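Encoded as structure tokens, the structure appears first; notes follow it.
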């Protein structure tokens, strides 16, 4: 493990005795800067705030918190919690824009509503030890520091930073309440306790580490905490950042997928940006660090076209538009292609100013970066290179018509699905063979029963069912004998996925070879069994468009009007199963039913052609 951040932090403290003021963006009182904003921005921010005038902030009851432990539902509580942050964000930015006092009463109500919450952590995160059962109710004497307690603190800290003078004019007890609550709920526990996500030894970290660290830094440096407290937070935050980075390969692949890049890679950007600002650029050399630049580029490399991304694990194929933070990350690292991609995607985004975002600092960042993004030249085509991420086992090949991806790592990713060897394919930017993603999170999602959920199972990926068995989860269930290459019009990857299946599959080997060329994708599968008997193999394929058997050939499936799937030899049986979409999270990306094709194939091997 390298200690990049720790070493620089120690050098800074040896060389300097104080931090630079953290003044990232203009405060509301700096009227000239706010009044320079374009009329569209000004009008939209005021309009967003007006929707929350007189807002009745929901009260979170004990039974709301208990619902997670009783039914497994986490959405009901979270919806009530998050709308309060979103309302406060919109009201704060509206007041900063108009500066008339029209929004301040509702802002004060929002601040007190958040400060009055019994706990800032989610019921789904209400535990002190990693992977231990959640406590049914919060212990107010022992706050849990997790993703959304840290975010609540940063929201309040940003509101304080922007509007302290205006809030003090009403009462000094508004801002003192913010300091009191953030100190007792977040800052003191952060400095006196160890939570797993802070990092320790070789324990594996995830997006929690850097997401929490970013918000802790925002809280500590936007609020007026003493220098000695800030120094302790600074040192601990830098150590956690190193713990986060140790679990990334040098290639920068996020094994949680494109959606989680927004909570991992982009929070790394934010953390480094804050550290540069408070140390007079002591950390600036890290913008040229190869691993950090590769982490930045990940989101561009897994982008397919328009709204679609190559996805795996819990990631959705519709992982959200790139925007302000991606743009700033690209600029900071000198990655022109990333900055232009983010600017282009931002311009395509119908919903500006992030109305669904909880983090007020992100929204503020957009307000004062928007002009630069809109002025960015986005006429040049964006180059998406072919890439092989050896750290996570992800192969992506492209040509003018197709984008193909294959997963060839193990079944132990963060937010893992059992998907080793699965293939996805896009044609002209549209999904042909898909990865479904994940349903709305419930108590079961992160429990011992996780793999009872259908979207986690290999049978609902583009993978074979072998002798009635599905793949298993765990680091030992993985691909081997991986060989890959790229060509001008695609590439090839071959792997043995037998190791991802249990002993009951009786596999000696299962070789999957994926080839992309200008005319489509070829899947060559061959296998043998360790008991020298023949066992059934059924190939599963998931499609978005409805597949139908061709009237002209029994071995050809028409996949909507988008493409075809052809078996190289006559299958013994083909089933087509409709998968209705009823889950709200899945329905965000899949607007109608999905389909599962199940092809019972002859002994020994099969060739599938998709075009």
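Residue numbers (my numbering): 1 to 611. The beta-carbon is built from N, C-alpha and C at its ideal position, and this holds for glycine as well. Remember, it's a predicted structure, so these values are computed and weren't measured experimentally.
- Going by DSSP, residue 492 is part of the beta strand (DSSP E) stretching over 490-496.
- Counting only the Cα atoms, residue 523 lies some 10 Å from residue 494.
- Taken atom to atom, the span from the alpha-carbon of residue 297 to that of residue 572 is near 45 Å.
- Judged by DSSP in its simplified three-state form, residue 246 adopts helix.
- Here the C-alpha atom of residue 455 lies approximately 49 Å from the C-alpha atom of residue 33.
- The DSSP-derived three-state label of residue 123 is helix.
- For residue 605, the pairing in a beta bridge is given by DSSP as 526.
- Its chain contains 310, 396, 424 as the residues whose beta carbon lies nearer than 6 Å to that of residue 405, once the 5 sequence neighbours on both sides are disregarded; these appear in chain order.
- The Cβ neighbour count for residue 9, taken over all protein chains shown within 10 Å, is at least 16; the residue is labelled buried.
- Residue 413 places its beta carbon less than 7 Å from that of residue 255.
- In the displayed model, residue 27 falls within coil according to three-state DSSP, outside both helix and strand.
- A direct Cα-Cα distance of roughly 10 Å separates residue 29 from residue 161.
- The residues 536, 538, 571, 572, 573, in chain order, have a CB closer than 7 Å to that of residue 600 in the same chain once the five nearest residues on each side in sequence are set aside.
- Per the coordinates, the alpha-carbon of residue 7 lies some 12 Å from the alpha-carbon of residue 240.
- Between residue 5 and residue 275, the alpha-carbon positions lie close to 10 Å from each other.
- Taking C-beta separations shorter than 8 Å and ignoring five residues to either side along the sequence, the partners of residue 271 in its chain run 210, 213, 214, 217, 237, 241, following chain order.
- If you draw a 10 Å sphere on the C-beta of residue 205, you find 16 or more other C-beta atoms in it, and that means buried.
- Excluding the 5 residues flanking it on each side, residue 170 has same chain C-beta neighbours closer than 8 Å at 104, 108, in chain order.
- From the listed residues 18, 446, 415, the smallest Cα separation to residue 127 is found for 446.
- DSSP links residue 303 through a beta bridge to 309.
- If you look at residue 517, you'll find it in the beta strand (DSSP E) that goes 507-517.
- Less than 7 Å separates the beta-carbon of residue 595 from that of residue 547.
- DSSP places residue 289 outside both helix and strand once states are collapsed to three, so it counts as coil.
- The DSSP assignment places 423-427, 430-433, 464-466, 474-478, 480-487 as complete runs of the beta strand (DSSP E) inside the region 414-491, in order along the chain (cut-off: 3 residues).
- 7 Å or more divides the Cβ of residue 316 from the Cβ of residue 365.
- An exposed status is given to residue 348, since fewer than 16 other beta-carbon atoms sit within 10 Å of its beta-carbon.
- Contact check for residue 175 against residue 164 passes: the beta carbons are separated by less than 7 Å.
- Here the alpha carbon of residue 580 sits roughly 16 Å from the alpha carbon of residue 541.
- In the structure shown, the three-state DSSP call for residue 567 is strand.
- Bounds of the beta strand (DSSP E) holding residue 395 are 394-398.
- Beta-bridge annotation (DSSP): residue 600 is paired with 538, 573.
- With contacts defined by Cβ atoms closer than 7 Å, residue 528 and residue 552 do not form a contacting pair.
- Per the coordinates, the alpha-carbon of residue 149 lies some 42 Å from the alpha-carbon of residue 380.
- Inclusion of residue 339 and residue 322 in the CB contact set at 7 Å is not warranted, their separation being larger than that value.
- Closest by C-alpha distance to residue 208, out of 264, 247, 185, is 264.
- Partner residues in the beta bridge of residue 578, as assigned by DSSP, are 595.
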